[in-house]
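Asks: Residues in the sequence shown are numbered from 295 upward in steps of one, following this note's numbering.
What follows is a structure written as structure tokens; I'll ask about it next.
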Amino acid sequence: MVTENKQIPDNEVRFEDMPAMLLKLSERVKKMSEHIISISSEMGKLQGNKKEWLTLDMLIEYLPNHPAKQTVYGWMAQNAIPHYKTEKFIVFLKSDIDEWLSYRPRVPNWWHEREKFLKLPGGTK
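And the structure:
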């Protein structure tokens, strides 16, 4: 009978050795399956952090006010919006855009009311 540490060359496998070899093979498959499950789990965690890229058109659709392309180009020229240039494309990392949107100063409502007032016939503009 085959011992656990004994290696049998493929051309010398005998019928009597088959049960021990099958048991050994089964143990190896079990260990490999556990390893695959572990790797799969880690990959799942990493995919949760997967980077999502946006094209210019996707960015315009994603932004709340749907700015014109020219507006976005202006922001890029001023480095006011995070973007990446490849040889052929301009792309945006969605997580960068989300962060940019959260830190971007917002105009308070009273400012809009002030602007409306100034545009009235009796306003100072």
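The beta-carbon is built from N, C-alpha and C at its ideal position, and this holds for glycine as well.
Just so we're clear, the structure is a prediction, and the values are computed from it rather than from any experiment.
For Trp347, which residues does DSSP report across the bridge?
Replies: The count along the sequence shown starts at 1 and reaches residue 347 at position 53. Per DSSP, Leu387.
Asks: Report the rounded CA-to-CA distance for Lys379 versus Lys388, giving the unit in angstroms.
Replies: By one-based count along the sequence shown, residue 379 stands at place 85. By one-based count along the sequence shown, residue 388 stands at place 94. One C-alpha to the other measures close to 15 Å.
Asks: From the DSSP secondary-structure annotation, give me the bridge partner or partners of Tyr378.
Replies: Position 84 of the sequence shown holds residue 378. Beta-bridge pairing links Tyr378 to Val385.
Asks: Between the region 310-328 and the region 347-358, do three or more beta carbon pairs fall short of 8 Å?
Replies: With a cut-off of 8 Å, the region 347-358 and the region 310-328 do not count as touching, because too few Cβ pairs lie within range.
Asks: For Asp420, which residues in the same chain have their Cβ closer than 6 Å to its Cβ, ignoring the five residues on either side in sequence?
Replies: Any property of residue 420 remains undetermined from this structure, which presents the chain solely from 295 to 419.
Asks: What number of angstroms, rounded off, separates the C-alpha of Trp347 from the C-alpha of Phe386?
Replies: For the purposes of this step, residue 347 is taken as residue 53 along the sequence shown, with counting starting at 1. For the purposes of this step, residue 386 is taken as residue 92 along the sequence shown, with counting starting at 1. Between Trp347 and Phe386, the C-alpha separation is close to 6 Å.
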